[in-house]
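*Asks:*
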Amino acid sequence: MSDDGPDGGEYPGQMGMPFEGDPDEGRTAGGGAAGSGPDDDLFVWDLRPPKREQPRPPADEVPGDWSVREFGAGAGAAGGRRDDRARSERDALDRRYERETGGRGYEAAGSPAGSGYERTARASGDWRAPEYPTGDRRSRHEPDDGYETSEEWEEWLEPEAPHGAETIGPLPERGRGPRRRRLPAGAVLLAMLVGFFFAGLLDAANIKKDVEARPYGALRSLQLALLTPMTGLSGLIRADDLGTRVATALGRGEGPHHTLADVKKTKKSLWPRAITAAKPLRLYIAGDSMDQVFGSSLVNLSEATGLVKAKNDYKVSSGLSRPDFFDWPQRMVDQIVDFKPDAVAVLFGANDGQDVLWEGKVLKVGTKAWQEVYAQRVGEAMDILTEGGRRVYWVGNPIMKDFGYRERIAMMNHIYEAEAKKHPGVTFVSTWKLLSNEKGSYTEYLKDEDGDSILMRAPDGIHLSRAGGDLMAGLVLDVIEKDWGMGGGGSASPSPAP
Amino acid sequence: MLFPTITFALFFLVVYALNWVLMPRLRLWKWFIIAASYVFYGWWDWRLIFLLVGATLVNQAAGVQVHRALGGRRGSRAAARRWVVLAVAANLVTLGVFKYFDFFAANLNDLLGVFGMDAPLPLLRLLLPVGISFLVFRMLSYVIDIYRGQLAPAPALDFAVYTAFFPYLLAGPIARAREFLPQLTSPRNPRTVDSSRAFVLILGGLIKKMLIADYLSTHIVNGLFASPQTYSSWETVWGIVAYSVQIYCDFSAYADIAIGISLLLGFELPANFDAPYTARTIQDFWRRWHITLSSWLRDYLYIPLGGNRKGNGRTYVNLIVTFLLGGLWHGAGWTFVVWGLMHGTGLAVERARMDTRHSRGLPEPGRTAGSRALQRLWVFVFVSVAWVFFRAESLGNAFAVLWRLVAGLGSIGAAVTLPVVALCVLGIAIQYVPRRAIEGLEASFSRIGWIGQGAVLAVALFLIDVLGPVGPAEFLYFKF
Chain A
145 MSDDGPDGGE YPGQMGMPFE GDPDEGRTAG GGAAGSGPDD DLFVWDLRPP
195 KREQPRPPAD EVPGDWSVRE FGAGAGAAGG RRDDRARSER DALDRRYERE
245 TGGRGYEAAG SPAGSGYERT ARASGDWRAP EYPTGDRRSR HEPDDGYETS
295 EEWEEWLEPE APHGAETIGP LPERGRGPRR RRLPAGAVLL AMLVGFFFAG
345 LLDAANIKKD VEARPYGALR SLQLALLTPM TGLSGLIRAD DLGTRVATAL
395 GRGEGPHHTL ADVKKTKKSL WPRAITAAKP LRLYIAGDSM DQVFGSSLVN
445 LSEATGLVKA KNDYKVSSGL SRPDFFDWPQ RMVDQIVDFK PDAVAVLFGA
495 NDGQDVLWEG KVLKVGTKAW QEVYAQRVGE AMDILTEGGR RVYWVGNPIM
545 KDFGYRERIA MMNHIYEAEA KKHPGVTFVS TWKLLSNEKG SYTEYLKDED
595 GDSILMRAPD GIHLSRAGGD LMAGLVLDVI EKDWGMGGGG SASPSPAP
Chain B
651 MLFPTITFAL FFLVVYALNW VLMPRLRLWK WFIIAASYVF YGWWDWRLIF
701 LLVGATLVNQ AAGVQVHRAL GGRRGSRAAA RRWVVLAVAA NLVTLGVFKY
751 FDFFAANLND LLGVFGMDAP LPLLRLLLPV GISFLVFRML SYVIDIYRGQ
801 LAPAPALDFA VYTAFFPYLL AGPIARAREF LPQLTSPRNP RTVDSSRAFV
851 LILGGLIKKM LIADYLSTHI VNGLFASPQT YSSWETVWGI VAYSVQIYCD
901 FSAYADIAIG ISLLLGFELP ANFDAPYTAR TIQDFWRRWH ITLSSWLRDY
951 LYIPLGGNRK GNGRTYVNLI VTFLLGGLWH GAGWTFVVWG LMHGTGLAVE
1001 RARMDTRHSR GLPEPGRTAG SRALQRLWVF VFVSVAWVFF RAESLGNAFA
1051 VLWRLVAGLG SIGAAVTLPV VALCVLGIAI QYVPRRAIEG LEASFSRIGW
1101 IGQGAVLAVA LFLIDVLGPV GPAEFLYFKF
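In order, the protein sequences belong to chains A and B.
Numbering-wise, the working numbering puts 514 at position 370 of the first sequence, and it's gapless, one number per residue.
Numbering-wise, the working numbering puts 1055 at position 405 of the second sequence, and it's gapless, one number per residue.
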């Protein structure tokens, strides 16, 4: 038999369409007993007309335990021999499944007499056929709601629905296009293994980089262990070179980066200077997912003054503790050279409360060594950003809902503040109290100038609502305007310090 | 666990192999697939497993009780109805607590504030379980179908599989119990895996998601909705078009991948999309967009509301109410209410026009190719404008975006790049590819054997990873 249906495999039974009439009869008629002749339909899901003559595609050599040739494959004498061999292979497979399904074969295992569901129903005297009706909507209990008129079902949305409003779980009708050949499960597994293996060989460097960027733990270690032989082999046969060349040709490889030397060559920031609409302040904003709302609020508020040209640049899940995931120092260098900002506002830390790798050792978050390494990375970022006299506004994170997380955020805020004091040109802007209540605790709401309660935080207790972003951005803009002598007006309501 | 990740690839290889090894022992297979699905769902947060277990126990108990009541003495239909009401209430309360409580509490607080009663109700701030709306829809259809006599209760084990089956768990398609459960009555055939269609669906889904949707998202859509005042009119036009393409490519990609993965495991799921941007009417659009949702709304909301049986006026109201609630299903926010109202009103107006034409004996519109093209353009424009409300974080944000269509005249703007325009066009053009061509592709792919399919997989996966974004990107519909 062919493994394919007459219309590409879409026929009732596969999607659980109703078996007409008695389920036992339907299954026997549609499937026949296990081990029937090769031209019979063997399985209950094959409800196509039996013994239908169809052209058959050539068979493939399919190794593996599950492998079986398609019957009727091939042509001439060779085809006949293949038929015989394939038939015996399939018979062997059938015998195996008969054995494994208690001698009933697939169809018996799934028949009303065989399946647990139907057995239960019969035992309880509750057996009715079919028990999974899908076509007869009113098979047993006439609904007394009185709405199930035929025109009701057809009039939904459009009278002449081409796909048929009667369709249960409306599956758009597939045309009776060319037939698809199906494969044994083992062959499909081999196809997937081949696909993953060779894709992995070509893309070993990228995959390894992705995996290395994951949080430290057992899963990362396992994946790295699995990848190691592949990356080794990829390097050995230079498949990774080919992959890199293809990626570069497609314009998605690692492009040329700027260096700190390029930053040093850029024009020095003139601070203080007069900010005018003709010569606006160029403000670069960088950060993690917290910056998504905060940064866009700062862009909106600052550009509304007509004196600022701002650019927000955030990367979700990023931070300074895992440059292997996203290299912020490099990104900062590139952006300074390309965007040429006069000032920079940064908001990091939400993802930084995790272990870091330092000189081959994993440092636990919060330990003294961790704090020293993190402070060093913060300091390096500040060095890059302040190169040439650029003004930097390092925004501290607001209070967080979860206690443990809040403690880590507070620790990092202290590091930012301490490093800011060491770096001329860096101003630390604390937002902790700005988003706390009168008691200094976490709060969802703050009151605005009119006394109305305004929602400030996202449901996760970490991120900001738009109002929260505006409030923080207003405070930062106040600091920037004061620093550059631009005049006030940045504060958003509600009033900053509740 | 996200589909386009290495973690899922490893997970799936193991699940796939064990799926077919255990398939002959169907009962053991069911326990296995339940466990695998719980691992998949619990990957986000292990506590979510309790939601699945709770939904299984409550709805199975309700289904059995409803069935028992229906099969009993006269008058037991009232008892069945009580059980149905109880089950529906339990499901909706669960959904309401997780999804809508904070929305209503926040709006009530605003209302109380207007009257000077400033005592904010505390917000629960529960993290929304991924895919909870899809889960609730499946559960409701199961219990209601039993009540309607369209389905008998499944064995608890089968129902647990139906509840948790991981391919559709997070973002559909909303497979009905009567579509899925019959597939559990017998082992799937390990010799007829529809790999060619599965691989075409999976690779097509990955291309749509990672090469089109994610690119448009990061290169124009997110920026437009974050800071609309910085975008020109042309950028806004293309940004809105880009979001229409993004949401289609994102959501249909998930459905395609889910269907493909199910096929590899031996199961068929209902299709969820059928070239929605080729629709010539809004009605047509809803037969092509999120098909399993629109048919669910039809069967369990529109028809119980009275459908079209109570006169034209009531039909229009029913359409609007159905889509208003459909909008709220997508999210607790006024933007979703407006989005639903727009579609409901659009459907009602269209239907009124059609009724008028019929009563006057006028011919159907769209008799020429030009008029059909105009119809398609109009539907695309309408749907795209409605998507602005769907995407915006607030009504103010939506109006700010729309305002830029007229307020940003002048230069084209830097955000309108060749890749953005090309991907927008591509995202729409792929919907005009004839189905026969896709079927032909699937058939050709099926003829190259497992080695050929593996080779195509290798090249395609490599190119998708190279051209796609760095790091995993969540699908938009997870949050619904």
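Idealized CB from N, CA, C, for every residue including glycine.
A quick note: this is a predicted structure, and the numbers were derived from the prediction, not measured.
Count the other CB atoms within 10 Å of the CB of G548 (chain A); is the residue buried (16 or more) or exposed (fewer)?
*Replies:* exposed
*Asks:* Since G889 (chain B) contacts I870 (chain B) with CB under 8 Å, what's their CB separation in whole angstroms?
*Replies:* 5 Å
*Asks:* From the DSSP output, read off the bridge partner residues of F572 (chain A).
*Replies:* A:W538
*Asks:* Who are the Cβ neighbours of A421 (chain A) in its own chain at under 8 Å, not counting the five residues just before and after it?
*Replies:* G450, L451
*Asks:* Compare the C-alpha of G569 (chain A) against each of A:G533, A:S597, A:R550, A:S365 and name the closest.
*Replies:* A:G533
*Asks:* Should K411 (chain A) go down as buried or exposed, given a rule of 16 or more other Cβ atoms within 10 Å for buried?
*Replies:* When all chains shown are included, K411 (chain A) counts as exposed.
*Asks:* If we cut at 8 Å on Cβ distances, does M336 (chain A) have a partner in chain B?
*Replies:* yes
*Asks:* Taking 7 Å as the limit between beta carbons, can you name the residues of its chain near L702 (chain B), skipping five residues before and five after?
*Replies:* Y688, Y691, T813, A814
*Asks:* Which residues of chain B have a Cβ atom closer than 8 Å to the Cβ of F340 (chain A), listed in chain order?
*Replies:* A659, L663, L1107, A1108, L1111
*Asks:* Shortest alpha-carbon distance to K626 (chain A) belongs to which of A:L371, A:G339, A:L425?
*Replies:* A:L425
*Asks:* If contacts are defined as beta-carbon pairs under 8 Å, then D432 (chain A) and S462 (chain A) qualify, I think. What distance do you get, rounded to the angstrom?
*Replies:* 5 Å
*Asks:* Taking the alpha-carbon positions, what's the A810 (chain B) to I909 (chain B) distance?
*Replies:* 19 Å
*Asks:* Do G605 (chain A) and M555 (chain A) have their CB atoms nearer than 8 Å?
*Replies:* no
*Asks:* Leaving out five residues before and five after L368 (chain A) in sequence, what residues of the same chain have Cβ atoms less than 6 Å from its Cβ?
*Replies:* V355
*Asks:* Would you check if there are 3 or more beta carbon pairs closer than 8 Å linking the stretch 946 to 960 of chain B to the stretch 1092 to 1103 of chain B?
*Replies:* no
*Asks:* How is Y893 (chain B) classed by DSSP in three states: helix, strand or coil?
*Replies:* helix
*Asks:* Report the rounded CA-to-CA distance for G721 (chain B) versus Y589 (chain A), giving the unit in angstroms.
*Replies:* 53 Å
*Asks:* Between which residues of its own chain and G781 (chain B) is the CB-CB distance below 7 Å, once the five residues before and five after are set aside?
*Replies:* L819, L820, A821, F1128
*Asks:* Can at least three beta-carbon pairs, one atom from the stretch 1037 to 1051 of chain B and one from the stretch 984 to 999 of chain B, be found at a separation below 8 Å?
*Replies:* yes
*Asks:* Count the other CB atoms, across all protein chains shown, that sit within 10 Å of the CB of H1008 (chain B); report buried if there are 16 or more and exposed otherwise.
*Replies:* Flag for H1008 (chain B) reads exposed.
*Asks:* Residue range of the beta strand (DSSP E) that K960 (chain B) falls in?
*Replies:* First-last for K960 (chain B): undefined, no H or E at that position.
*Asks:* Looking at the structure shown, is Y1082 (chain B) part of a helix, part of a strand, or coil, going by DSSP?
*Replies:* helix
*Asks:* What does a CB cutoff of less than 6 Å around G247 (chain A) pick up in its chain, not counting 5 residues either side in sequence?
*Replies:* Residue confidence for G247 (chain A) is low, a pLDDT of 41 falling below 50, so the modelled location carries little weight; the figure read from the coordinates is stated next. Here the set comprises nothing.
*Asks:* Restricting to Cα atoms, I'd like to know which of A:T392, A:A348, A:E561 is closest to R382 (chain A).
*Replies:* A:A348
*Asks:* Put L1117 (chain B) into one of helix, strand or coil per three-state DSSP.
*Replies:* helix
*Asks:* Mapping DSSP to helix, strand and coil, what is V460 (chain A)?
*Replies:* coil
*Asks:* Just checking my contact of G493 (chain A) with N541 (chain A) at CB under 8 Å: how many whole Å lie between their CB atoms?
*Replies:* 5 Å
*Asks:* In three-state DSSP terms, what is Y898 (chain B)?
*Replies:* helix
*Asks:* Compare the C-alpha of R718 (chain B) against each of B:G996, B:T706, B:W733 and name the closest.
*Replies:* Taking only the C-alpha atoms, the option nearest R718 (chain B) is B:W733.
*Asks:* In terms of residue numbering, what span does the beta strand (DSSP E) encompassing V490 (chain A) cover?
*Replies:* 487 to 491
*Asks:* Quick one: Cα of W936 (chain B) to Cα of G916 (chain B), how far?
*Replies:* 29 Å
*Asks:* Any contact between the stretch 592 to 606 of chain A and the stretch 507 to 518 of chain A? By contact I mean 3 or more CB pairs, one from each, below 8 Å.
*Replies:* no
*Asks:* Restricting to Cα atoms, I'd like to know which of B:L785, B:S912, B:L1052 is closest to L698 (chain B).
*Replies:* B:L785
*Asks:* So the candidates are A:V437, A:K352, A:L380; which of them puts its Cα closest to the Cα of N1047 (chain B)?
*Replies:* Among A:V437, A:K352, A:L380, the Cα nearest to that of N1047 (chain B) is on A:V437.
*Asks:* Output yes or no for whether 8 Å exceeds the beta carbon distance between Q896 (chain B) and S877 (chain B).
*Replies:* no
*Asks:* I'd like the list of long-range same chain contacts for M673 (chain B), defined as Cβ closer than 8 Å, with 5 residues on each side in sequence excluded.
*Replies:* W679, P837, R838, P840, G916
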